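Residue numbers (our numbering), protein chains in the order written: chain X, -2 to 394; chain Y, 983 to 1328. We put the CB at the ideal spot given by N, CA and C, even for glycine. Here the structure is a predicted model, which is why all the values come from computation and not from measurement.
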């Protein structure tokens, strides 16, 4: 057990901290709205040039081209958290499509998409879930029928983030209706302005449309958009699904929220008493701190496992379930602590923290459900983590 | 940066784990619980022969010179096998007596000095509990003293400071856990000239080791639940294939695994004298007590009716966890201590 950094890594950390500090003026602010705001794109380009994002992606595809180093990646993430500066772009194109193309894309696909995606010039959305295919994703039914050099797509996707802003979609479609469900799926890329695609915003409980529904009516897309092979899309998707789960439940983000909550309870007062001086609220706060400490330590343990090339086992499998639940509870305590002011949500004289605690309390519940529901996570923990028997499958018809 | 156990630590834990698995079967624990003298002496002798009691004693004083992290790995094994070992008391005493120049520490390493511990007055004083020193005499008694039987010395709180002394009149206090003896105890004498400075830090070490005991006992209860669910059949299937049962097991693992990392971190923080160490230790015991209580009841439920019987003996683990939760700081009491430690209490 040694939680200090070696001189090489300590120097690396200092260098990252200095770079961020010296260039803070380049960072976009909250007023620079829009995914492709010039300031955002310039910031992203700067971060790639400095090796602060796209770090291990080869230079020929527009990355920084460094050797993979988990500790350095962790240090970069921590320094971003410490600096409070906007993090690099991390949309689904960058986090899921780019790794997929690097592994399985054709040279033409890599050439066409990776660099522009990294730079933020090309926005992607993910067409996976359907109304009838949520936890059972492989039951998806959006059909793609071969016609000459094209596929013709009909069907519907749901839970599609950034569909309105996206230039392109990476999509799972059914290309063989006769095959067993995992064997008739194809992973395909196409532009969102293809005729026959209709995007409808899906308003959620937060009042915003964080997701969309996407409808396909005779959408004709070229076959060269297929990644890897026709009917092998399930394998392609699985290469990156695990990656998505790792993104949810980041302990650094949880700690940052906890620190905000402590600050709130130290500054807010009811009946002349600071919230932190209410013993019931303080007890709940300390209980959450114990959990925050636990998830941080668990994160350190996972990082060490990865550094050594070992599987983190159970400690890795529990992150999404525990991390998302903890975030939700932190927001829940903030709302309780705020009392009746905790219900305020829109601009006004008495609003606290911009209404963000209510927003988080609702949005975090969405994250408990999305990206693999809590119940699916429990199946995975029990089956893969502890070798418990799988649910017996119903006989196939 | 390496957050994990060393080869030596893994080996140490494996050795103790094997000893517990092979030498301390439930039958022996049952005999201890029934007050069988021969069984108690056999267990004491075997544990003494393991030579672990000097683990936290410095090498200069004849011990192994290891850290709190190493000690917690050992205690976790004793919790796993619900072994009533004196290791916790001896280790906390060895830690408290470091740098005091006391000859008692060498005795811990050789086995001549055997400590009991009574720190409960640190967090909760009641029913007239409390030791008071006047000149050369010690008045009063302390509740929930542990490991008094066979102890040559006690580590206890008197006049709000930690002292060592010889045990005096002991009155058994009967708890739900019959495997470990608790006593209401007075002191026969107090050792003069030993200055134990940092009461909070010594208490934090006791918290970490008690939490390690709960961690081990809870891990055992989880393992037993998973094993039982893989064997027991109902409706023509093993019950572990039902999500209702499987999800209970997943919830136990999901809470326990991060708690293990937290405890490693808390012990390491004490070893390297990190500024967050005390708050982390208090919160670690509070958190693991909560997780342990959840696992104790959930594992019992997974065992169905058998979990409720004496036949399986699961209740010994249930009670071990239940007692650990209440002594040396309740979860709520420790959370308040942690808040105080961080300057969050006005």
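Under the rule that 16 or more other beta-carbon atoms within 10 Å means buried, what is residue 15 of chain X, buried or exposed?
Around the beta-carbon of residue 15 of chain X, fewer than 16 other beta-carbon atoms lie within 10 Å, marking it exposed.
If you check the beta carbons only, do residue 1003 of chain Y and residue 1039 of chain Y fall under 8 Å apart?
The Cβ-Cβ distance between residue 1003 of chain Y and residue 1039 of chain Y does not fall below 8 Å.
Put residue 1163 of chain Y into one of helix, strand or coil per three-state DSSP.
Under the three-state reduction of DSSP, residue 1163 of chain Y is assigned to coil, being neither helix nor strand.
Any 3 or more C-beta pairs closer than 8 Å across the stretch 1313 to 1322 of chain Y and the stretch 1266 to 1273 of chain Y
Put simply, the stretch 1313 to 1322 of chain Y touches the stretch 1266 to 1273 of chain Y. At least three CB pairs are less than 8 Å apart.
Which of the three DSSP states, helix, strand or coil, is assigned to residue 351 of chain X?
Helix.
For residue 1006 of chain Y, three-class secondary structure by DSSP
It is coil, neither helix nor strand.
When DSSP labels each residue in this structure, what does residue 1322 of chain Y get in the three-state scheme?
If DSSP states are grouped into helix, strand and coil, residue 1322 of chain Y belongs with the helices.
Roughly how many angstroms separate the alpha carbons of residue 271 of chain X and residue 1294 of chain Y, rounded to a whole number?
If you draw a straight line from the Cα of residue 271 of chain X to the Cα of residue 1294 of chain Y, it comes to about 50 Å.
Alpha carbon to alpha carbon, how far is residue 1019 of chain Y from residue 1067 of chain Y?
Cα to Cα, residue 1019 of chain Y sits roughly 15 Å from residue 1067 of chain Y.
With 16 other Cβ atoms within 10 Å as the buried cut-off, status of residue 76 of chain X
Around the CB of residue 76 of chain X, 16 or more other CB atoms lie within 10 Å, so the residue is classed as buried.
Chain X partners of residue 1136 of chain Y, CB-CB under 7 Å?
For residue 1136 of chain Y, there are no C-beta contacts with chain X under 7 Å, since the nearest C-beta of that chain is about 30 Å from it.
Between the alpha carbons of residue 172 of chain X and residue 217 of chain X, how many angstroms are there, rounded?
Distance between the alpha carbons of residue 172 of chain X and residue 217 of chain X is about 14 Å.
List the DSSP bridge partners of residue 1269 of chain Y.
Its beta-bridge partners do not exist; DSSP assigns none.
Could you work out which residue in Y:1025, Y:1054, Y:1022, Y:1027 is closest to residue 1037 of chain Y when comparing CA atoms only?
Of the candidates Y:1025, Y:1054, Y:1022, Y:1027, the one whose C-alpha sits nearest the C-alpha of residue 1037 of chain Y is Y:1054.
Checking contacts by CB at 8 Å: is residue 232 of chain X closer than that to chain Y?
Residue 232 of chain X does not count as touching chain Y.
Is the CB-CB distance between residue 1301 of chain Y and residue 1099 of chain Y below 8 Å?
No, Cβ-Cβ distance for residue 1301 of chain Y and residue 1099 of chain Y is not below 8 Å.
If contacts are defined as beta-carbon pairs under 8 Å, then residue 1326 of chain Y and residue 273 of chain X qualify, I think. What distance do you get, rounded to the angstrom?
6 Å between Cβ atoms; contact.
Is it right to say residue 1174 of chain Y is buried, meaning 16 or more other beta carbons lie within 10 angstroms of its own, or is it exposed?
The residue in question, residue 1174 of chain Y, is exposed, as its Cβ has fewer than 16 Cβ neighbours within 10 Å.
Would you mind listing the alpha helix (DSSP H) stretches within the stretch 300 to 333 of chain X that are 4+ residues and don't spill past its ends, in chain order?
Unbroken alpha helix (DSSP H) stretches of 4 residues or longer found wholly inside the stretch 300 to 333 of chain X: 311 to 314, given in chain order.
Let's test the definition: count the other Cβ atoms within 10 Å of the Cβ of residue 1255 of chain Y and tell me whether it reaches 16, buried, or not, exposed.
By the beta-carbon neighbour count (other beta carbons within 10 angstroms, threshold 16), residue 1255 of chain Y is exposed.
Who are the Cβ neighbours of residue 380 of chain X in its own chain at under 6 Å, not counting the five residues just before and after it?
Within the same chain, residue 380 of chain X has close Cβ partners 387.
CB residue 952 of chain Y to CB residue 1043 of chain Y, shorter than 8 Å?
Summary: the structure shown does not reach residue 952 of chain Y, with chain Y confined to residues 983 through 1328, and so no result is reported for it.
So, at 7 Å on beta carbons, what are the nonlocal neighbours of residue 1244 of chain Y in its own chain, with the 5 sequence-adjacent residues on each side left out?
The beta carbon of residue 1244 of chain Y lies closer than 7 Å to those of 1266, 1269 in the same chain, with the five residues before and after it left out.
Check this for me: beta carbons of residue 111 of chain X and residue 101 of chain X, under 8 Å apart or not?
For residue 111 of chain X and residue 101 of chain X, no; Cβs fall outside 8 Å.
Taking only three categories from DSSP, how would you classify residue 34 of chain X?
Residue state, collapsed to three classes: coil.
Our contact map puts residue 312 of chain X next to residue 1239 of chain Y with C-beta atoms below 8 Å; I'd like the distance itself, whole angstroms only.
So it is a contact: roughly 5 Å between Cβ atoms.
Grab me the residues of residue 5 of chain X's own chain with a C-beta within less than 6 Å of its C-beta, minus the 5 sequence neighbours each way, in chain order.
Closer than 6 Å at the Cβ level, and outside the excluded window around residue 5 of chain X, lies no residue.
6 Å CB neighbourhood of residue 162 of chain X in its chain, flanking five on each side removed:
So the qualifying residues of the chain are 32, 120.
What in chain X is Cβ-close to residue 984 of chain Y, meaning under 7 Å?
Correct list: -2, -1, 301.
Any beta-carbon of chain Y closer than 8 Å to the one on residue 394 of chain X?
At residue 394 of chain X the pLDDT is 46, less than 50, meaning the model places this residue with poor confidence; the figure from the coordinates comes in the next sentence. Output row for residue 394 of chain X: interface = no.
Close beta carbons around residue 1087 of chain Y, own chain, < 6 Å, minus the five adjacent residues each side
Counting only Cβ-Cβ distances below 6 Å, and skipping sequence neighbours, we find 1039, 1043, 1076, 1079.
Please tell me whether residue 1129 of chain Y and residue 1071 of chain Y are closer than 8 Å, where the distance is taken between their beta carbons.
For residue 1129 of chain Y and residue 1071 of chain Y, yes; Cβs fall inside 8 Å.
Taking Cβ positions only, does residue 386 of chain X come closer than 8 Å to chain Y?
Closer than 8 Å to some Cβ of chain Y, the Cβ of residue 386 of chain X qualifies, so yes.
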